[in-house]
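Here is the structure we will look at, set down as structure tokens.
There are 2 protein chains.
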Amino acid sequence: MFNKISIIGCGLIGSSILRAVEEKKIALKISAYDKSLSVTNYLKKNFSAEICINISDVVKESDLVIIASPLSSYKEILLSIQSSLKENVILTDTGSAKKEVNKIISNLNLKNVNWIASHPIAGTEYSGPEAGFSSLFKNRWCILSADEKATKDKIKALENFWIKLGSKTKLMTFEDHDYVLSLTSHLPHAVAYSIVKTAINNQDKFKDDVIQYSAGGLRDFTRIAASDPLMWKDIFIDNSENILKVLDNYSMNLNEIKDAIRNKDSKKLLEIFSSTKKVRKEIIEAGQDTDKPGFGRK
Amino acid sequence: MFNKISIIGCGLIGSSILRAVEEKKIALKISAYDKSLSVTNYLKKNFSAEICINISDVVKESDLVIIASPLSSYKEILLSIQSSLKENVILTDTGSAKKEVNKIISNLNLKNVNWIASHPIAGTEYSGPEAGFSSLFKNRWCILSADEKATKDKIKALENFWIKLGSKTKLMTFEDHDYVLSLTSHLPHAVAYSIVKTAINNQDKFKDDVIQYSAGGLRDFTRIAASDPLMWKDIFIDNSENILKVLDNYSMNLNEIKDAIRNKDSKKLLEIFSSTKKVRKEIIEAGQDTDKPGFGRK
Numbered sequence: 131m132f133n134k135i136s137i138i139g140c141g142l143i144g145s146s147i148l149r150a151v152e153e154k155k156i157a158l159k160i161s162a163y164d165k166s167l168s169v170t171n172y173l174k175k176n177f178s179a180e181i182c183i184n185i186s187d188v189v190k191e192s193d194l195v196i197i198a199s200p201l202s203s204y205k206e207i208l209l210s211i212q213s214s215l216k217e218n219v220i221l222t223d224t225g226s227a228k229k230e231v232n233k234i235i236s237n238l239n240l241k242n243v244n245w246i247a248s249h250p251i252a253g254t255e256y257s258g259p260e261a262g263f264s265s266l267f268k269n270r271w272c273i274l275s276a277d278e279k280a281t282k283d284k285i286k287a288l289e290n291f292w293i294k295l296g297s298k299t300k301l302m303t304f305e306d307h308d309y310v311l312s313l314t315s316h317l318p319h320a321v322a323y324s325i326v327k328t329a330i331n332n333q334d335k336f337k338d339d340v341i342q343y344s345a346g347g348l349r350d351f352t353r354i355a356a357s358d359p360l361m362w363k364d365i366f367i368d369n370s371e372n373i374l375k376v377l378d379n380y381s382m383n384l385n386e387i388k389d390a391i392r393n394k395d396s397k398k399l400l401e402i403f404s405s406t407k408k409v410r411k412e413i414i415e416a417g418q419d420t421d422k423p424g425f426g427r428k
Numbered sequence: 131m132f133n134k135i136s137i138i139g140c141g142l143i144g145s146s147i148l149r150a151v152e153e154k155k156i157a158l159k160i161s162a163y164d165k166s167l168s169v170t171n172y173l174k175k176n177f178s179a180e181i182c183i184n185i186s187d188v189v190k191e192s193d194l195v196i197i198a199s200p201l202s203s204y205k206e207i208l209l210s211i212q213s214s215l216k217e218n219v220i221l222t223d224t225g226s227a228k229k230e231v232n233k234i235i236s237n238l239n240l241k242n243v244n245w246i247a248s249h250p251i252a253g254t255e256y257s258g259p260e261a262g263f264s265s266l267f268k269n270r271w272c273i274l275s276a277d278e279k280a281t282k283d284k285i286k287a288l289e290n291f292w293i294k295l296g297s298k299t300k301l302m303t304f305e306d307h308d309y310v311l312s313l314t315s316h317l318p319h320a321v322a323y324s325i326v327k328t329a330i331n332n333q334d335k336f337k338d339d340v341i342q343y344s345a346g347g348l349r350d351f352t353r354i355a356a357s358d359p360l361m362w363k364d365i366f367i368d369n370s371e372n373i374l375k376v377l378d379n380y381s382m383n384l385n386e387i388k389d390a391i392r393n394k395d396s397k398k399l400l401e402i403f404s405s406t407k408k409v410r411k412e413i414i415e416a417g418q419d420t421d422k423p424g425f426g427r428k
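Chains as they are written, first to last, in my numbering: chain A, 131 to 428; chain B, 131 to 428.
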């Protein structure tokens, strides 16, 4: 139980945390801030938390400060709040990439601050506070990466916080997190953007047909490619090193398929397609998806 | 209403047609054939249709012959059944590519046969007769491509057949079909295979982590990449010209994203990501997916 929790940035993720924290009464006091006036007004109407107009006010006396805004806003936020942070505060975030953020925090050389990054692997293709809901984190993983100066009891406290929101937690180094996520999330997004851009070309006379018959595979990519552009722009820049390396491997694998198609190499194609089929089983066994048929849904 | 319908190949698609035809009583007589002995035994146990052991028997006196087997098996099947086909029969299939098949049929120079290709855009990541179900085609599109020698009333009869199975039908030329499907279905599959092969590398010490945290995007690709290898090998070889062209455009778009990441070009990335976000709206407006949040599902 925290005395006071503060949330900075109340879009899909931040507002979902706010809803869950209010609903589950995880803190005696809750404060929230968003730089957008319309979001601020929405928060005032829909939440009982203290909604601050001034960013430095929001973190005052807070035991847990959660930054849930785009990665590119972190530096400005940290500069604005650093002198108002309570001694021994837990400072966390919800970002999808950690390397650059970690550098910023390290350069600020904050004293008596427990920096423990969080990455709740949860979200939808919608954004904004109206899209949030309190059960967003239920049964989802939250990966934590702790700065070396963070104390063990604070790491435990943050883990408990996410567990109260329904999540399963995992500790990982900042570097490992960025590499694993470049494969599980950042690569799929880069690919989805490219595929939708290729398939839906406004100059193509078949554009309407492509949309009409998109249920054969394309449809699922349009969902991923509809994620928040601002958030994803930041992730790609932040984790660029890993993503570029992974994209190079990906291009190699794609060229292997291209060559096999060009050479009408049945054996090679069968080999590739059979190898990826096995992976599906492992995903289901790891409880990361159901085994219900997913195509052909209405 | 047909007097007799015959189905050749009873995997996911063929057995689903068989189930629907029996359930909806669309024909007085139904016959089915599968070259696999275990499938044949399954059919005998689970269906009231006439299950044939000899392929030339299955099409005898049939008004509608449906080939629902992998594309690479068509030639052998057509050679086996051509002399047993009833005069003025409707010959159709369920394949995902049409060009090569059309060539085979044209070379056979069949007399008094109405060749009208069907492509029901329906399926799951599972295969085999146990995976079929009678409502598979409900509310799904079925694209028909008619040979010039097919008569109008036969085209209408085949359209009605699919409508009775619950589908919406659309007439398209063979060439247009292959191009549109290369974008909506074949490209997404090529990409999904490459991405799963890139992300899940048995040599990578993070392999288990990648599977564990696959909900951030990767999971959805593993589903597509689990489709039937044999069927997809055939599609890629059959529609190779379109697919290779489309993959080249795709690589160009991917390189554009790579360059933007390398140059940390925020403006360009935002521009790309915003353009693909709009497409999602069009897909939903075309009734091809729901607007319910699809990430974060359990």
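Ideal Cβ positions, reconstructed from N, Cα and C, are used throughout, including at glycine.
In the structure shown, A:Glu-191 adopts coil according to DSSP, grouped into three states.
Contact residues of the region 237-260 of chain B toward chain A are Ile-251, Ala-252, Gly-253, Thr-254, Glu-255, Tyr-256 (C-beta to C-beta distance below 8 Å). One finds Leu-400, Phe-403, Ser-404, Lys-407 in chain A with Cβ atoms closer than 7 Å to the Cβ of B:Pro-359, taken in chain order.
In its chain, beyond the 5 residues on either side, Pro-250, Ala-252, Leu-295, Gly-296, Ser-297 have a beta carbon closer than 6 Å to the beta carbon of B:Phe-267. The beta carbons of A:Ile-387 and B:Tyr-172 sit no closer together than 8 Å. In the three-state scheme derived from DSSP, where H, G and I count as helix and E and B as strand, B:Phe-263 is classed as coil.
Going by DSSP, B:Thr-352 is part of the alpha helix (DSSP H) stretching over 348-354.
Counted as a single uninterrupted DSSP element, the stretch harbouring B:Leu-240 is not any alpha helix (DSSP H), since DSSP gives it neither H nor E. Counting only residues of its own chain and dropping the five nearest sequence neighbours on each side, A:Ile-391 has no CB closer than 6 Å to any other CB.
By the rule that beta-carbons nearer than 8 Å mark a contact, B:Gln-342 touches chain A.
Against B:Phe-351, the close residues of chain A are Pro-318, in the order they occur along the chain (beta-carbon pairs closer than 7 Å).
Contact between A:Val-243 and A:Leu-317 does not hold, since their C-beta atoms are separated by about 33 Å, which reaches or exceeds 8 Å. Taken through DSSP and simplified to helix, strand or coil, A:Lys-407 comes out as helix.
By the 16-neighbour rule on beta-carbons within 10 angstroms, B:Glu-371 is exposed. Per DSSP, reduced to three states, the secondary structure at A:Ala-150 is helical. Taking one beta carbon from each stretch, the region 341-351 of chain A and the region 301-320 of chain B have 3 or more pairs nearer than 8 Å; the two touch. When C-beta distances to chain A are compared with 7 Å, every residue of the region 289-301 of chain B stays at or above that value.
No Cβ of chain B is located within less than 8 Å of the beta carbon of A:Ser-210. Short of 8 Å from the beta carbon of B:Ile-325, and not among the five residues preceding or following it, lie these beta carbons of its own chain, in chain order: Leu-348, Phe-351, Ala-355. DSSP lists no beta-bridge partner residue for B:Val-169. Within the region 286-320 of chain A, the complete alpha helix (DSSP H) segments of 4 residues or longer fall at 304-311, listed in chain order. Taking a C-beta distance under 8 Å as the contact criterion, A:Leu-194 and A:Ala-227 do not qualify as a contact pair. Legend: CB atoms of the region 148-162 of chain B lying less than 8 Å from CB atoms of chain A are not found in any residue. For A:Asp-338, the closest of B:Ala-157, B:Glu-401, B:Ala-280, B:Ala-416 by C-alpha to C-alpha distance is B:Ala-416. For A:Ile-183, there is no enclosing alpha helix (DSSP H), as DSSP gives it neither H nor E. With a cutoff of 8 Å on beta-carbon distance, A:Tyr-163 and A:Ile-138 are scored as near each other. For the region 321-336 of chain B, the set of residues with a beta-carbon nearer than 9 Å to any beta-carbon of chain A comprises Val-321, Ala-322, Tyr-323, Ser-324, Ile-325, Val-326, Lys-327, Thr-328, Ala-329, Ile-330, Asn-331, Asp-334, Phe-336, in chain order.
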